[in-house]
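Number of protein chains: 2
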Amino acid sequence: MNNITFPLSKRATTATSSAIREILKITERPDIISFAGGLPSPEGFPIAKIREAYETVMTHHPKVALQYGPTEGYRPLREWVVSDFKKRGVEITVDNVLIVSGSQQALDLIGKLFIDEGSKVLLESPSYLGAIQSFNQYGPVYNTIPTDEGGLMPEGLTDEIAKAARFIYALPNYQNPTGRTLSLERRIALVKRCAELNLPLVEDDPYGELRFEGEELPGLFALSQQYGGTVIRMGSFSKVLAPGMRIGFIIAPAAIISKMVQLKQATDLHTASITQMAVYEAIKDGFLDEHLPKVRELYKRQCHYMLEALEEHFAGIDVKWTRPAGGMFIWLTFPKGVNTTELLARAVEEQKVAYVPGQPFYPAATEPVTNTLRLSFVTVPEEKIRQGIAGLAKLFK
Amino acid sequence: MNNITFPLSKRATTATSSAIREILKITERPDIISFAGGLPSPEGFPIAKIREAYETVMTHHPKVALQYGPTEGYRPLREWVVSDFKKRGVEITVDNVLIVSGSQQALDLIGKLFIDEGSKVLLESPSYLGAIQSFNQYGPVYNTIPTDEGGLMPEGLTDEIAKAARFIYALPNYQNPTGRTLSLERRIALVKRCAELNLPLVEDDPYGELRFEGEELPGLFALSQQYGGTVIRMGSFSKVLAPGMRIGFIIAPAAIISKMVQLKQATDLHTASITQMAVYEAIKDGFLDEHLPKVRELYKRQCHYMLEALEEHFAGIDVKWTRPAGGMFIWLTFPKGVNTTELLARAVEEQKVAYVPGQPFYPAATEPVTNTLRLSFVTVPEEKIRQGIAGLAKLFK
Chain A
1 MNNITFPLSK
11 RATTATSSAI
21 REILKITERP
31 DIISFAGGLP
41 SPEGFPIAKI
51 REAYETVMTH
61 HPKVALQYGP
71 TEGYRPLREW
81 VVSDFKKRGV
91 EITVDNVLIV
101 SGSQQALDLI
111 GKLFIDEGSK
121 VLLESPSYLG
131 AIQSFNQYGP
141 VYNTIPTDEG
151 GLMPEGLTDE
161 IAKAARFIYA
171 LPNYQNPTGR
181 TLSLERRIAL
191 VKRCAELNLP
201 LVEDDPYGEL
211 RFEGEELPGL
221 FALSQQYGGT
231 VIRMGSFSKV
241 LAPGMRIGFI
251 IAPAAIISKM
261 VQLKQATDLH
271 TASITQMAVY
281 EAIKDGFLDE
291 HLPKVRELYK
301 RQCHYMLEAL
311 EEHFAGIDVK
321 WTRPAGGMFI
331 WLTFPKGVNT
341 TELLARAVEE
351 QKVAYVPGQP
361 FYPAATEPVT
371 NTLRLSFVTV
381 PEEKIRQGIA
391 GLAKLFK
Chain B
1 MNNITFPLSK
11 RATTATSSAI
21 REILKITERP
31 DIISFAGGLP
41 SPEGFPIAKI
51 REAYETVMTH
61 HPKVALQYGP
71 TEGYRPLREW
81 VVSDFKKRGV
91 EITVDNVLIV
101 SGSQQALDLI
111 GKLFIDEGSK
121 VLLESPSYLG
131 AIQSFNQYGP
141 VYNTIPTDEG
151 GLMPEGLTDE
161 IAKAARFIYA
171 LPNYQNPTGR
181 TLSLERRIAL
191 VKRCAELNLP
201 LVEDDPYGEL
211 RFEGEELPGL
221 FALSQQYGGT
231 VIRMGSFSKV
241 LAPGMRIGFI
251 IAPAAIISKM
261 VQLKQATDLH
271 TASITQMAVY
281 EAIKDGFLDE
291 HLPKVRELYK
301 RQCHYMLEAL
311 EEHFAGIDVK
321 WTRPAGGMFI
331 WLTFPKGVNT
341 TELLARAVEE
351 QKVAYVPGQP
361 FYPAATEPVT
371 NTLRLSFVTV
381 PEEKIRQGIA
391 GLAKLFK
C-alpha cells in the first residue's frame, strides 16, 4: 500500500516532517560541515558515570527498574529536582514535579493540557520550532509577542494580544533559535504582567545550566514565587547528561501537575523506570557540580571559535549576529531581500556547509521572514568551524 | 495554588485518573491480596541478561546510546522485528516498523492519527481500559461490536455500525480484560470484513507470546497479507522482557508508518536510544527462544492455581469465568443485579482482597454493566491465590 485510502485526523493530514530533520538527513554526509544540528557534543557525555549508574541500578534494584512505575516519576529523582531548585532559592515539593520522557514530551503534554482547536497561544517571534510542531497537533491559533536584541518585549503583551490566550511560551535563556537572553528587568516585567492577566506562563529552559558568560539570572518560575502568577517550568537532562536517555521534568503548581499526570498516563503510562533510576544514580552525589563546568568550558570555547571566524570572514558583509551567553546557537540577520531558505541548497552544494534557515521559527508571520539563519557551534571541530564559516561568507558576499 | 483559575482544554477538563490506578494505590498495602494489577511477574524478568545488555551497549556504542536518534527507532531493533515476523511467515521491511515508548504510546499515536473531535471509533465491548483512556483524549464517539464466549463477533460489524468509522480496535489473543481468544474463523472473517469496508483494523497483541494452552493462531496483520485490508499491529517488549523499559513497536503499511513518524516526532522526538539498544542487545542472539518458555510455564502454573481455587471455592455460586489460553487475566460474570463496583470496598475491607470491577471496560454502554470483574493471576503466590479466592467466594456467596 502506497496511498492512504481512508480518512485520517486533521492533525495527521496537515502534519509535515520537520524542516530541520529533513535537512539533517542531507547533512549526515561526511563531506558536509553541518552547523544545522541541535545535537549536544558527545565530548560532553559522562560515559563512565552513566555506565556505572546502570550497573548500580541493575545490581541493587533490578526488580523496581524493570517493573511498571508511577506516572509521576521515580520519587528519589523528583526529590532531587526539589533539592536542586532549593539551592537556587526556589521552594517546591515533590507534588510540584513530574518526570517526562524528554522536553519534547513536556511540550506535548502542555499542548494537551491547554489547547482546543482554535485556542489562542502566545509565542515569541521567532520561537522554538519543536514547540510549534508540538502545539500544532492540537490546532492552536498563534499570536506573537515582538522581540528585539534583548529578546521578548514584555510591553508587547498588550490586553488585546493576551485576550483569551490559553498560555504564553517563552525561553528566557539563550533562546533557541536566537541565542538571546532575557534581562532581569524583562523577566520581572513578564512575570508581573502574566500574573496581572492570570495568563499561564510556560518557561522552557533546556540550556539554563550551560551559561558560559555573565551571571545566572533567576528563572521565571523562581520570580513567580515573589511576583505571583502561574509559571510552568520545563527542564531537561538532555544537555547536562545525555539526550539519548530522554529524561526531562516539569515543575508547576500541584493542581497542574495532577492534571498532567492524568494526561501522561493516557500518553505513555510513565517514563522508563530504569532510565529514571540511572539518571538519579548518576547525579545524586553532586556529580553535576564537577561535570557541568567542563561542559560549559567546552561550549564556551566552541562559541568563541565561531564568533572569531564570523568576525574574520564576515567583515564587510551586511549582517548582524547574536553573542550568546550560553547554550548552543548563534543567529544571523541579513538585510531584507536575502533569502536564506533558497540559499541553503547552494550552501550545501557549493560550499559543503549546512545551517538552518530562520523561516520555520516564525510561528505566525503574515509574510515569510527569509533573512535569518541559525548556526550551532557545539559539535564541529575548530578547524572545520573556520572552514565552514569561510564558505558561508563566500556565499553571502 | 490549589485551584486552577484559567481555562484548560476540554480533554484536560474531562480527564479523570484511571480507576485501575486509583485502586492499585489502595492495594499497595502489604496486607491486601491484589488480583487487581496488570503487572507482569518480576519472577519472569531476565535480570542478568538485561544488566549485561546495558554493559555491552555502554562499552561498545556509548556515544550512539547517549545521543539523539532517529524518530523511526534504532535500525537493528527494527530489523530484528522484521526477522522475527518473517519466522511466522509475515513479510515486512524496516519501513513497516516504528519503535515506540511502550504500547500505551502506540495507542496515543493511533488516537492522534485517526481521531478528530466526534470521529467514530469501533471497540469490542468490553475492551482494554488503557486504550479507551488514550483515545478519549481526542474526543471520539464509540460504537461497540458485540462479543460472546468466543470474543468479538465479526458479523456484528454491520454496515450501519461501521459507517464513517475511522478504525476498529481489537485484541485477538487472551483479550484484556476477558482473557478470551478469537478463533481462526473469526480472525479471517474480521479481516475480510474490514477489507471490504476499507476500515483500518488496529490489532493489539501485548501478550501474544504468552500462550500456554493450544496452538498459536495467525495474527490479524498476517491474515491481511492474504485477505487484504489495512491492519496496524501493535507489539510490546513489556511482557516478554520487562515493562520498566517501555519499549514497544507498531507494524503497518509504510505510508501509515511515515505519518506516525511525523506525529511521534512532535510527541517525544524518539524513544530513548540507550534503552532500544539494550533491548536489541538482550534479544539479538535468540535469547527469547530460551526465555519465553520459562515465562509461559510460570504463567500457566499461576493460571492453573487460580482456576483450581475458583473451582473449589466458587462451587455453588452462580458465576461463570473464562479459561484463558494465555496472558494474565480471568474474567468473572455474575448474574445481573450483582454490583462488583460497589462490592470492591467490602472485598478490600472485609476480605483483604482486590480485583478490578468490569464497569470501566465497557466503552459505550447505555446503562452500566456492573456484574463482571477482572482477576490477574500472575503476581500472587499460590497460597495467597487460594486464600484470596476463598475470601472473594465468602463475599459473593
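Here the protein sequences come in this chain order: A and B.
Using full-length UniProt numbering, you'd call the opening residue of the first sequence number 1 and step up by one each time.
Using full-length UniProt numbering, you'd call the opening residue of the second sequence number 1 and step up by one each time.
Glycine is no exception: its CB is placed at the ideal position from the N, C-alpha and C atoms.
Rounded to whole angstroms, what's the CA-CA distance from I247/A to E79/B? Just pull it up for me. 26 Å
For the stretch 242 to 254 of chain B, which residues have a beta carbon sitting closer than 7 Å to at least one beta carbon of chain A? A242, P243, G244, M245, R246 and P253
Can you name, in chain order, every residue of its own chain whose Cβ lies under 7 Å from the Cβ of L373/A, other than the five neighbours on each side? L332, T340, Y355, V356, P357 and G358
Could you confirm whether any beta carbon from chain A is found closer than 8 Å to the beta carbon of Q387/B? no
Report the neighbours of Q302/A on chain B: residues whose CB is nearer than 8 Å to its CB, in chain order. Near Q302/A there are no residues of chain B at all, since even the closest Cβ is about 17 Å away, more than 8 Å.
If you count every other CB in all the chains shown that lies within 10 Å of the CB of A345/B, and 16 or more means buried, which is it? exposed
CB-CB length for S238/B against G102/B, believed under 8 Å: 6 Å
Boundaries of the beta strand (DSSP E) in which K120/B is found, first to last residue: K120 to E124
I need the DSSP call for Y280/A, collapsed to helix, strand or coil. helix
Am I right that S119/A and Y169/A are in contact with their C-beta atoms under 8 Å? What's the rounded C-beta distance? The Cβ separation is near 13 Å, so there is no contact.
CB contact below 8 Å: E55/B versus chain A: yes
Between A65/B and chain A, is any beta-carbon pair separated by less than 8 Å? yes
Cβ of A162/B within 8 Å of any chain A Cβ: no
Sort H60/A, V338/A, T379/A and N371/A by Cα distance to R301/A and report the nearest one. T379/A
What do you reckon, are the CB atoms on A222/B and G38/B nearer than 8 Å? no
Residues near M1/B in its chain [Cβ-Cβ closer than 8 Å; skip 5 each side]: Because the pLDDT at M1/B is just 48, under 50, the model does not fix this residue reliably, and the value given afterwards should be weighed accordingly. Result list for M1/B: empty, nothing under 8 Å.
N- and C-terminal bounds of the alpha helix (DSSP H) containing Y174/A: No alpha helix (DSSP H) holds Y174/A; DSSP gives it neither H nor E.
Which of helix, strand or coil DSSP assigns to T13/A: helix
Quick one: give me the first and last residue of the beta strand (DSSP E) that G235/B is part of. V231 to S236
Distance, Cα to Cα, K192/B vs F135/A? 38 Å
One question on the structure: do L241/B and P46/B come within less than 8 Å of each other, judged by their Cβ atoms? yes
Can you confirm whether F6/A, when its beta carbon is compared against all beta carbons of chain B, has any partner nearer than 8 Å? yes
Using a Cβ-Cβ cut-off of 8 Å (strictly less than) and excluding sequence neighbours within five positions of M58/A, which residues of its own chain qualify? A65 and I274
So, helix, strand or coil for L210/A, using DSSP? coil
Which whole-angstrom value is the C-beta distance of F249/A and V100/A, which I expect to be below 8 Å? 6 Å
Below 8 Å, how does it come out for the stretch 250 to 259 of chain A and the stretch 276 to 293 of chain B: are there three or more Cβ pairs, yes or no? no
Please report whether the beta-carbon of D268/B lies at a distance below 8 Å from any beta-carbon of chain A. yes
Specify, as a first and last residue, the run of the alpha helix (DSSP H) that D318/B falls within. Note, D318/B: premise wrong, no alpha helix (DSSP H); not H, not E.
Step through the CB atoms of chain A and report whether any lies within less than 8 Å of the CB of K294/B. no
At least one CB of chain B closer than 8 Å to the CB of M58/A: is that the case? yes
Stretch-stretch touch, CB-based, cutoff 8 Å, three pairs: the stretch 377 to 394 of chain A with the stretch 107 to 122 of chain B: no
Does the separation of the CB atoms of P172/B and L182/B fall below 8 Å? yes
In three-state terms, what does DSSP make of L217/B? coil
Beta-carbon proximity list for residue 399/A, same chain, < 6 Å, skipping 5 on both sides: This structure cannot speak to residue 399/A, because chain A is shown only from 1 to 397.
By the 10 Å Cβ neighbour count, where 16 or more other Cβ atoms means buried, how is E203/B classified, buried or exposed? buried
Pull out every residue of the stretch 68 to 80 of chain A whose Cβ sits closer than 7 Å to any Cβ of chain B, in chain order. Y68 and G69
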